[in-house]
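Residues -13 to 382 (the working numbering) are what the sequence shown spells out, left to right. One structure below.
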Amino acid sequence: MRFLYTATTKSGKKVRADIQAASRQLAIDTLKEKNLTLTALTRIESGRQIYLGGVTSLQKIIFTKHLAIMLKVGIGLSESLATLMIQSKGKLHDVLSDMRKNVESGMSFADALSKHKNVFNEFYIGLVRAGEESGNLADDLEQLANRYSKDYDLRQKVKSALLYPGVVLALTIALMMAISIFVLPKLTLLFKSLRYTLPWYTQVMLSVSQFLSNYGIQAALGFIALVVLIVWLLRQKFSAPFRDRLYLDLPVVGGIVRTINLARFSLILGSLLKSGLPIKEAVTITGNVLGNVIYQRALLDALPRINAGEPLSSILEESNLFPPFATRILVVGEETGRLTDMLLYLSEFYEHELDATLKDLSTVLEPVLLIAIGIIVLGIALSIVTPIYNFIGSVS
-13 MRFLYTATTK SGKKVRADIQ AASRQLAIDT LKEKNLTLTA LTRIESGRQI
37 YLGGVTSLQK IIFTKHLAIM LKVGIGLSES LATLMIQSKG KLHDVLSDMR
87 KNVESGMSFA DALSKHKNVF NEFYIGLVRA GEESGNLADD LEQLANRYSK
137 DYDLRQKVKS ALLYPGVVLA LTIALMMAIS IFVLPKLTLL FKSLRYTLPW
187 YTQVMLSVSQ FLSNYGIQAA LGFIALVVLI VWLLRQKFSA PFRDRLYLDL
237 PVVGGIVRTI NLARFSLILG SLLKSGLPIK EAVTITGNVL GNVIYQRALL
287 DALPRINAGE PLSSILEESN LFPPFATRIL VVGEETGRLT DMLLYLSEFY
337 EHELDATLKD LSTVLEPVLL IAIGIIVLGI ALSIVTPIYN FIGSVS
């Protein structure tokens, strides 16, 4: 068994490490033999564990916040990682365990993070490296926690805005399929018995109903397979340029995607410059971290021109991805030597703009969806009632 312990030496020095022992009592006895006064002893689960899934954004935010606080109050990095490792679960537990061992072996925290790039992106690692070099690691970690919290809130707002329309659309489709499969087939027999020429829209509706009755399961499976295939294709690396360009060109969606990327660009680049990174390195990291390939390419293609001495604002203006308002703010920042402040101002501006856009979108979508559902229900009702009414009128 392996135990993590906290103890004090005879001189009063605090020690935190781990020990291998066959039992808890043997671990206590061994530490007493080393003249250590034990204050805490916690068993570390042994054996290699396989965890499904990765480290969530919320886990990273909590870890970063707690680590920043512990460093600020004077707890060492190795001891802080050991404490957070005990509290963590899943893959994060394994990641922190590995980082702690690397840090204790003399590796810098940034290099230890670099071994887990699937968990911590270049923005995170770059800001930590800058914090270690400047001696402001705790402050930079606190800044990281705040930035990740904002990014997390941004994604949650987008999900919340899309949740209501998604649920309503799914329920509408389910209702239509239920009517087509269980109700309309019975009406088909009635209409055939009337021997009356049905309106074209009623014929279309009955044909769809008959198709779903005969091939409903196959149609549902085919639709699900098509959705899965489209999602898989959109997630592939080779489709990224087409996918991200499509997102930018779509009405309504394009505006939201642009605002999200502008907010993230300003936030990441401003944070990196504030931590002391040079403009070239900061732009490189920002380009690699942005989720949209079109924006990534615009920033990475700008690097040679930045090295040649061209101002960032004029390069971004030529890409047509950054509105005149943003580039003009950047011009002012470059001319006054306050580029970092202007970028952070832009990030707040676009976050507020996105928040307002999503609220307006939710407000507009609700009546639009209700009207659309009303039109669908009215169409079905007319398709059923109209032929019956006309037949009764012709008989009388």
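Think of the CB as a built atom: it goes at the ideal place given N, C-alpha and C, for glycine as much as any other residue. None of these values were measured; they are calculated from a predicted model.
Taking 7 angstroms as the cut-off, is the beta-carbon of V279 closer than that to any non-hydrogen atom of the ligand COA? Within the structure as shown, the ligand COA is missing, as the structure has no ligands at all.
Let me know the alpha helix (DSSP H) ranges lying completely inside the region 141 to 213, each 4 residues or longer, listed in chain order. Runs found: 170 to 180.
Per DSSP, cross-strand counterpart(s) of K0: T(-6)
Q6 by DSSP, collapsed to three states: which one? strand
Pairs of beta-carbons, one from the region 123 to 142 and one from the region 163 to 176, closer than 8 angstroms: are there three or more? No: fewer than three Cβ pairs fall under 8 angstroms.
Roughly how many whole angstroms lie between the Cα atoms of K18 and S261? 45 angstroms
Best match in N247, I72, A164 and S193 for proximity to K178 [C-alpha to C-alpha]: Nearest neighbour of K178 by Cα position, chosen from N247, I72, A164 and S193, turns out to be S193.
On the CB-based measure, 16 or more other CB atoms within 10 Å of its CB, does S120 come out buried or exposed? exposed
Return helix, strand or coil for T313, following the three-state DSSP convention. Under the three-state reduction of DSSP output, T313 falls in the helix class.
Buried or exposed by the 16-neighbour rule on C-beta atoms within 10 Å, applied to V190: exposed
Could you tell me whether the region 288 to 303 touches the region 200 to 219, using the rule of 3 or more Cβ pairs below 8 angstroms? no
Leaving out the 5 sequence neighbours to the left and right, which residues in its chain are closer than 7 angstroms to S100 when beta-carbon positions are compared? I111
Would a C-beta distance cut-off of 8 angstroms place T270 and F251 closer than the cut-off? no
Using a Cβ-Cβ cut-off of 6 angstroms (strictly less than) and excluding sequence neighbours within five positions of N107, which residues of its own chain qualify? Closer than 6 angstroms at Cβ, skipping near neighbours: V275.
Quick one: grab the DSSP three-state call for T349. helix
Helix, strand or coil: which one does DSSP assign to L127? helix
Could you tell me whether the region 312 to 319 touches the region 228 to 236, where touching means 3 or more Cβ pairs closer than 8 angstroms? no
Could you spell out where the alpha helix (DSSP H) holding L286 opens and where it closes? V279 to N293
Starting from M71 and walking both ways along the alpha helix (DSSP H), at which residues does that stretch end? Taken as a continuous stretch (DSSP letters only), the alpha helix (DSSP H) holding M71 covers L63 to Q73.
Do the CB positions of T69 and M85 come within less than 8 angstroms of each other? no
Contact belief for L330 with K143 at Cβ below 8 angstroms, rounded distance in angstroms: Contact between L330 and K143 is absent: CB atoms are separated by about 20 angstroms, not below the 8 angstroms threshold.
From the DSSP output, read off the bridge partner residues of T23. The partner list for T23 (beta bridge, DSSP) reads T(-6).
Beta-carbon separation (whole angstroms), V81 vs F95, contact threshold 8 angstroms: Not really, about 13 angstroms apart at Cβ, beyond 8 angstroms.
Exposed or buried, what is G256 when buried is set at 16 or more other beta-carbons lying within 10 Å of its beta-carbon? That one is buried.
Helix, strand or coil: which one does DSSP assign to E320? helix
Quick one: any contact between the region 43 to 63 and the region 132 to 139, if contact means 3 or more CB pairs under 8 angstroms? yes
At 4 residues or longer, what runs of the alpha helix (DSSP H) sit wholly inside the region 209 to 269? 226 to 235 and 239 to 260
Excluding five sequence neighbours on each side, which residues of the same chain lie with their C-beta closer than 8 angstroms to the C-beta of V239? Y233
Closest residue to V41 among P290, L207, L155 and N104 (Cα-Cα distance): N104
Using DSSP with H/G/I as helix, E/B as strand and the rest coil, what is P297? coil
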